[in-house]
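Using the UniProt record's numbering, the letters of the sequence shown correspond one by one to residues 1 to 227.
Beta carbons: idealized from backbone N, C-alpha and C, even for Gly.
Below you'll find the structure, written out as structure tokens, and then a few comments.
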Amino acid sequence: MRARTTLLVLAILLVAGFAALNWSEIVRPTPLSFGLMVTDAPLGLILLALLGLTLVLFLASSAAMRTASLMEYRTHQKTLEAQRELADKAEASRFTDLRQHLDTHLKEMRERDAIAASEFDKAMLQSRREVQAQMEQMNRMLNARLNEMEQRLAGRTPAMAAPVRNEVVAPAHDPALAAREAQLREQRLREEERLRDERIREQRDVRNEERAQAVDKPAESGWRKWF
1 MRARTTLLVL AILLVAGFAA LNWSEIVRPT PLSFGLMVTD APLGLILLAL
51 LGLTLVLFLA SSAAMRTASL MEYRTHQKTL EAQRELADKA EASRFTDLRQ
101 HLDTHLKEMR ERDAIAASEF DKAMLQSRRE VQAQMEQMNR MLNARLNEME
151 QRLAGRTPAM AAPVRNEVVA PAHDPALAAR EAQLREQRLR EEERLRDERI
201 REQRDVRNEE RAQAVDKPAE SGWRKWF
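Structure (structure tokens):
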């Protein structure tokens with residue numbers, strides 16, 4: 001742009017200097033033909049005026065083009081700024097939606113964990129009650145069997161006492177029978193205790209499995225839903 005302006009100014013100066021040096025010849029009248037008429041006029045001055053008019057028109061067109069380019073540049077700049085603002089707003093709204101989605105998901109996870117914890121507590125309480133009821137039932141059954149066995153032993157003792165009075169050899173067999181009855185009773189008690197221990201162990205294993213399933217299930221479902 002500066003080189004063009006410099007060349008234009010230099011050309012104007014050269015033309016002005018040339019006109020100044022030959023001004024007498026430029027303003028000297030000369031018969032000129034305009035097609036329908038012939039008149040005396042300074043040819044050089046007319047050509048100089050036409051050159052000046054051409055220069056003015058060129059400068060005006062250059063200024064108009066410059067102004068149009070500046071206006072177009074400003075229009076593009078405004079459009080770019082508007083698009084940038086829209087992009088910023090869309091990005092901000094996207095971040096806001098993502099944050100709301102995360103907050104909602106975390107809230108749902110907390111509610112699900114709270115529900116799972118309450119259900120687990122209820123299941124634990126119910127299992128405790130069931131175990132306690134089964135233990136009480138087993139205790140009642142054991143007490144009933146022990147009472148029945150005591151009654152049987154008490155019924156057999158008088159029947160075995162009569163030969164002791166009448167016969168001399170019978171008392172030698174009574175301690176062996178009592179020892180056998182005591183051994184059978186001890187074996188039954190051991191068997192009952194073994195069965196009770198196995199039931200308690202099975203119930204404990206079932207309860208541990210239910211606890212593990214109740215703890216793992218909410219976390220697994222929450223992570224699968226998020227990913």
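{"Item": "Residues sharing a beta bridge with Leu32, DSSP", "Value": "Thr39"}
{"Item": "Minimum length 3: unbroken beta strand (DSSP E) runs contained in the region 74-154", "Value": "none"}
{"Item": "Cα-Cα separation, Val15 to Pro29", "Value": "20 Å"}
{"Item": "9 Å Cβ cutoff met for Met138 and Arg204", "Value": "no"}
{"Item": "7 Å CB neighbourhood of Phe117 in its chain, flanking five on each side removed", "Value": "For the sequence presented, residue 117 should be read as Ala rather than Phe. Around Ala117: no qualifying Cβ."}
{"Item": "Pair within 9 Å by beta-carbon distance, Val206 and Ser127", "Value": "yes"}
{"Item": "CB of Leu146 within 9 Å of CB of Leu189, strictly", "Value": "yes"}
{"Item": "Residue 233 (DSSP reduced to helix, strand or coil)", "Value": "There is no way to answer for residue 233, as the model of the chain reaches only from 1 to 227."}
{"Item": "Start and end residues, alpha helix (DSSP H) containing Val15", "Value": "2-21"}
{"Item": "Length of the line joining the Cα atoms of Val164 and Arg140", "Value": "Confidence in Val164 is poor, its pLDDT being 43 and thus under 50, which makes the residue's placement too unreliable to answer from."}
{"Item": "Met109 to His101 span [Cα, whole Å]", "Value": "12 Å"}
{"Item": "Residue nearest to Asn22 in terms of C-alpha spacing, selected from Gly44, Val38, Glu91", "Value": "Gly44"}
{"Item": "Straight-line Cα distance separating Glu25 from Arg74", "Value": "50 Å"}
{"Item": "Residues near Glu192 by beta carbon distance below 6 Å, same chain, minus five either side", "Value": "Leu142"}
{"Item": "Test item: CB-CB of Arg201 and Met124 under 9 Å", "Value": "no"}
{"Item": "C-alpha gap between Gly35 and Ala19, whole angstroms", "Value": "27 Å"}
{"Item": "Beta-carbon spacing of Leu70, Ile12 below 9 Å", "Value": "no"}
{"Item": "Proximity winner among Arg196, Glu150, Leu106, relative to Met135 (alpha-carbon distances)", "Value": "Arg196"}
{"Item": "Three-state secondary structure (DSSP) of Val27", "Value": "coil"}
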